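Participant:
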Amino acid sequence: MGTENKFVEAMQIYLNENGVIDGAADDNIMTPAFLYGTSHANQRIESWWSILRKHCSQYWMNLFSQLRNEGQFTGNFVDKSILQYCFMDLIQEELNSVALEWNSHLIRRNRRSICPPGRPDVLFNFPEIHDARDYLIQIREQNLQICEQECLFPDCPCIDKDIHDLCEILSVELSISKPVDPIDGLGKYVQLRHEILSLL
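If you're matching positions, the sequence shown starts at 1 in UniProt numbering and goes up one per residue.
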């Protein structure tokens, strides 16, 4: 189980137990706030991870393995931060594209499935079209803010602001523009890494 599940669990329980959900008499509130399931119940998400890996993430895994195999990535904090600086925007762009494609794909009718047919975005945003119930529950703004305080919303593409700022300075000094594709990113990563390591 990923660490992120613990945070989601804590927030769901907080929102449920503290009565911060508007319409507390609603029958949604009587169900558990968070459920753990056995691995055999995770077939859909495991299938999704397989699709994501095949269509997107395996490329990045191979690319970064190449850097490691060539001795250009040790996994230390500095290397990770430079890698994030050079590639985070490119990876996010690709993930956004995958999400858009997935959320607009057509789910076909299947008599053996309990899942309704349609497009995920339409099913989520307009459940009434399919005679389904909208399970969205409104919460109070102050409680949303409490949950947001427990989240990390990075304002720069790498974890460490100092390394991010140093990459920005060196990029200006060396006329290094933001990478436009993964191969461009590799060259810029190697160049920035060399410059930063020479300063340490």
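Every residue gets a Cβ at the ideal spot worked out from N, C-alpha and C, and that includes glycine. Source: prediction; values computed, not measured.
Report yes if the CB atom of Pro-182 is closer than 9 Å to the CB atom of Leu-83, and no otherwise.
Facilitator: no
Participant: First and last residue of the alpha helix (DSSP H) that includes Gly-187?
Facilitator: 182-199
Participant: Between the Cα of Tyr-85 and the Cα atoms of Lys-6, Asn-5, Leu-174 and Ile-159, which residue gives the shortest distance?
Facilitator: Checked all of Lys-6, Asn-5, Leu-174 and Ile-159; the closest Cα to Tyr-85 is Ile-159.
Participant: Which residues does DSSP pair with Gly-118 in a beta bridge?
Facilitator: Ile-107
Participant: Roughly how many whole angstroms lie between the Cα atoms of Lys-178 and His-130?
Facilitator: Each residue's Cα considered, the two are about 44 Å apart.
Participant: Quick one: using the 10 Å Cβ neighbour count with 16 as the cut-off for buried, is residue 225 buried or exposed?
Facilitator: Since the first residue of the chain shown is 1 and the last is 200, residue 225 is not available in this structure.
Participant: Helix, strand or coil: how does DSSP classify Ile-176 here?
Facilitator: coil
Participant: Cutting at 7 Å between CB atoms, please list the residues of its own chain near Arg-109, excluding the five before and the five after it.
Facilitator: Pro-117
Participant: For Met-11, which residues in the same chain have their Cβ closer than 8 Å to its Cβ, ignoring the five residues on either side in sequence?
Facilitator: Closer than 8 Å at the Cβ level, and outside the excluded window around Met-11, lie Cys-147 and Glu-150.
Participant: Would you call Phe-73 buried or exposed, if buried means 16 or more other Cβ atoms sit within 10 Å of its Cβ?
Facilitator: Flag for Phe-73 reads buried.
Participant: Please confirm whether Leu-144 and Ala-132 have their CB atoms less than 9 Å apart.
Facilitator: no
Participant: So, using beta-carbon positions, are Leu-67 and Leu-186 closer together than 9 Å?
Facilitator: yes
Participant: Report yes if the C-beta distance between Ile-163 and Ser-47 is below 9 Å; otherwise report no.
Facilitator: no
Participant: Taking the continuous alpha helix (DSSP H) assigned at Glu-46, which residues delimit it?
Facilitator: 43-52
Participant: With a cut-off of 8 Å on the beta carbons, I'd call Pro-120 and Asn-96 a contact; round off their distance for me.
Facilitator: So it is not a contact: roughly 15 Å between Cβ atoms.
Participant: Compare the C-beta of Leu-52 against all C-beta atoms of chain D and say whether one is closer than 9 Å.
Facilitator: This model lacks chain D altogether, as it is built from one protein chain only.
Participant: For Gly-75, which residues in the same chain have their Cβ closer than 8 Å to its Cβ, ignoring the five residues on either side in sequence?
Facilitator: Arg-68
Participant: Count the other CB atoms within 10 Å of the CB of Ala-24; is the residue buried (16 or more) or exposed (fewer)?
Facilitator: Unreliable positioning characterises Ala-24 in this predicted model, as indicated by a pLDDT of 47, which lies under 50. A coordinate reading is not provided.
Participant: Around the C-beta of Asn-16, are 16 or more other C-beta atoms found within 10 angstroms, so that it is buried, or is it exposed?
Facilitator: By the neighbour-count definition (other C-beta atoms within 10 Å, threshold 16), Asn-16 is a buried residue.
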